[in-house]
Each structure stands twice: as C-alpha cells, then as structure tokens.
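Engineer: Please see the structure below; I have some questions.
Numbering (this note's numbering), first residue to last: 36 to 322.
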C-alpha cells in the first residue's frame with residue numbers, strides 16, 4: 036500500500052491582482068510507498084510547505100486529491116498514524132521537555148498507562164534525554180528542533196512528515212536525526228522529509244522529489260542521481276542491522292560517517308538545477 040497518494044493536486048490562494056488567484060500547487064502527482072524515505076526539495080515558494088499542509092489536513096485542495104493510507108487526511112484514525120515536525124515548532128516556555136512531550140502524547144490519544152516510558156523513549160531517540168526536565172524556554176534552537184522530533188515520535192507513527200528537520204540542529208542533533216531515519220528504515224516506517232539541505236537527503240533518502248513553481252520537475256531514486264553525477268555507490272543495505280551499527284560506530288570513532296550512496300553535494304545540486312526550467316525564479320514565500 037502507498038502511504039501517500041497525491042493526484043492532480045491544485046491549491047490556489049487569493050493574491051496577485053485584485054480579485055486574482057495565486058496557484059501554489061499546479062497539478063502535483065506523487066506516490067510514496069510504505070517504508071520509503073523520500074526527500075522533498077525546492078526553492079522558497081516552490082510549494083513544499085503547502086503540500087505538507089494539505090497532506091496533514093491543515094489545508095484543503097482547490098482540485099485533485101491527496102490520500103494517506105488510502106484515506107482522507109481529515110480522517111481521525113488516519114491522522115493518528117502521522118507524526119509531524121513543523122518548520123518552526125513553538126512550545127510553552129515554562130513547561131519542561133518531558134511535560135511538553137507528555138502533553139502531545141495525550142493529544143495523540145495515548146493512554147496514561149505506560150506513558151512515562153513512551154515519553155522517555157521519544158526524548159532519548161531525539162537526543163534530548165539529558166535535558167528532559169529543563170524548561171523549554173531555555174532551550175537553544177537546536178534543542179527545540181529535537182524537542183519537535185520527540186513530540187512527533189512519541190505515539191510511534193507509521194508515517195513521519197518532517198519540515199526542514201535539519202534547520203538549526205547542532206552536530207549532536209544532526210547525528211540523532213540520522214540515527215532516527217536509519218531506525219525508521221529498519222522498522223519499515225515511511226518518511227517524507229522536506230529540506231533545503233542536501234546532506235540528509237543524500238544520507239538517508241531513497242528518492243528525491245523536486246518542486247518548482249508548484250510542479251514536480253524531478254522524481255528520481257538517489258542512486259540514479261549518483262550514477263548521473265558519475266559517483267560510486269557504497270552498498271551496505273545487505274548487512275545485518277547489528278553489523279551495520281558496528282560499522283557506523285567504527286567509522287564515527289575515526290571522524291567519518293557512512294553514506295548509503297556517496298554523492299558530492301555540488302554534483303546533486305547541479306542535477307537538480309538542470310531539472311528546473313531555465314530562468315525559473317522563486318515565487319514569494321508560501322502561506
């Protein structure tokens with residue numbers, strides 16, 4: 036089953052000339068299979084955030100449709116399967132990290148029984164266990180991003196939607212994100228990751244989808260992009276999970292990291308630029 040199915044999706048907003056309409060998405064069709072990790076790239080105004088909001092049921096399409104697990108995003112049971120990290124999460128400054136994640140867990144419908152263990156695990160997975168009982172008002176930008184990850188994870192969603200998850204992360208937070216995505220892959224979870232930063236896409240994603248002016252201009256597997264860039268691939272997916280973790284730790288101790296496919300950022304950026312129509316300029320900021 037596809038986790039995400041988007042067909043002919045159009046979204047318009049009031050804007051432009053008086054009484055006019057501005058089209059943020061223009062006939063987007065996209066499929067994300069169960070267990071896939073897909074990177075969504077594009078310049079500001081390309082429609083990325085609008086697409087995510089439609090998938091979450093925060094906006095409704097002008098035309099076309101989007102489905103999560105075959106159901107409407109407004110369906111309560113379907114929404115319970117989704118974890119979402121917004122681009123700029125806001126939290127009550129007087130509450131601790133533990134209290135905030137606990138609140139989101141209850142809002143997600145989790146029972147009180149076993150809740151403390153779930154909250155502790157989510158904070159640990161996000162690399163925030165040491166600061167769990169500190170007020171969020173004193174968190175750095177990177178810590179707030181990790182807290183956002185924890186609240187998205189606490190109910191163990193089948194689908195994780197991450198909007199700019201790397202923005203503001205320190206090296207420790209970036210490492211926690213990489214480990215989290217590896218864990219999602221091992222457990223067959225689905226991830227849609229919107230980013231301006233190429234590194235997490237190269238490290239963790241199966242496919243890259245590029246939006247420009249509300250249209251899909253590129254949809255390709257990361258390893259295909261590697262071949263187009265003339266890069267070599269390091270294939271490690273066949274290793275058992277324990278050996279793969281051991282290899283990652285061995286490399287980390289020597290100041291290196293394991294990439295599923297080695298692709299220089301400049302090479303991938305050039306491929307993406309070639310996919311975008313010549314002379315295409317970024318639109319104004321998305322709603």
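Note that CB positions come from ideal geometry on N, CA and C, so glycine has one too.
Note that the structure is predicted; figures quoted are calculated from it, not measured.
Since residue 42 sits in a beta bridge, which residues does DSSP pair it with?
Structural biologist: Residue 42 is bridged to 100.
Engineer: If we require 4 or more residues per run, which alpha helix (DSSP H) segments fall completely within the stretch 68 to 141?
Structural biologist: Runs of the alpha helix (DSSP H) inside the stretch 68 to 141: 83 to 90 and 111 to 114.
Engineer: State the start and end residues of the unbroken beta strand (DSSP E) segment that holds residue 232.
Structural biologist: Careful: residue 232 lies outside any beta strand (DSSP E) and carries neither H nor E.
Engineer: State the DSSP-derived secondary structure class of residue 50, mapped to helix, strand or coil.
Structural biologist: If DSSP states are grouped into helix, strand and coil, residue 50 belongs with coil.
Engineer: Using the Cβ count rule (16 or more neighbours within 10 Å means buried), how would you classify residue 153?
Structural biologist: Burial call: buried.
Engineer: Going straight from the alpha carbon of residue 55 to that of residue 49, what length do you get?
Structural biologist: About 6 Å.
Engineer: Select from 68, 77, 120 and 85 the residue whose C-alpha is nearest the C-alpha of residue 198.
Structural biologist: Cα-wise, what sits closest to residue 198 is 120.
Engineer: What is the residue span of the beta strand (DSSP E) that residue 216 lies within?
Structural biologist: Taken as a continuous stretch (DSSP letters only), residue 216 belongs to no beta strand (DSSP E), being part of the alpha helix (DSSP H) at 206 to 221.
Engineer: Ordered along the chain, which non-local residues of its own chain (more than five positions away) have a Cβ less than 6 Å from that of residue 122?
Structural biologist: Hits under 6 Å: 198 and 199.
Engineer: Is the stretch 72 to 85 touching the stretch 236 to 248 in the sense that three or more CB pairs, one from each, lie closer than 8 Å?
Structural biologist: Yes, the stretch 236 to 248 touches the stretch 72 to 85.
Engineer: Mind the definition here: the stretch 127 to 136 touches the stretch 85 to 102 only if three or more C-beta pairs lie below 8 Å; say whether that holds.
Structural biologist: Because the criterion of three Cβ pairs below 8 Å is not met, the stretch 127 to 136 and the stretch 85 to 102 do not touch.
Engineer: Quick check on residue 59: does DSSP put it in helix, strand or coil?
Structural biologist: DSSP places residue 59 in strand when its eight states are reduced to three.
Engineer: What do you reckon, are the CB atoms on residue 203 and residue 180 nearer than 9 Å?
Structural biologist: In this structure, residue 180 lies closer than 9 Å to residue 203 by Cβ.
Engineer: Which residue from 65, 46 and 288 puts its Cα closest to that of residue 82?
Structural biologist: Answer by Cα proximity: 46.
Engineer: Can you give me the start and stop residues for the beta strand (DSSP E) that residue 167 sits inside?
Structural biologist: No beta strand (DSSP E) contains residue 167, which DSSP labels as neither H nor E.
Engineer: Report the partner residues of residue 255 according to the DSSP bridge assignment.
Structural biologist: DSSP lists 243 as partners of residue 255.
Engineer: What whole-angstrom Cβ distance do residue 176 and residue 118 have, given they're in contact under 8 Å?
Structural biologist: Actually they do not touch by this definition, with Cβ atoms about 21 Å apart.
Engineer: Across which residues does DSSP place residue 197 in a beta bridge pair?
Structural biologist: Answer by DSSP bridge pairing, in chain order: 120 and 228.
Engineer: On a Cα-Cα basis, can you pick out the residue from 235, 43, 40 and 128 that is closest to residue 212?
Structural biologist: Out of 235, 43, 40 and 128, 235 has the C-alpha closest to the C-alpha of residue 212.
Engineer: Please report how far the alpha carbon of residue 267 lies from the alpha carbon of residue 257, in whole angstroms.
Structural biologist: A caution first: residue 267 carries a pLDDT of 43, below 50, which makes its placement in the model unreliable, though a value can still be read off. Answer to the nearest angstrom: the Cα atoms are 12 Å apart.
Engineer: Of the choices 104, 63, 68 and 142, whose alpha-carbon is the least far from that of residue 85?
Structural biologist: Residue 63 is the option with its Cα nearest to residue 85.
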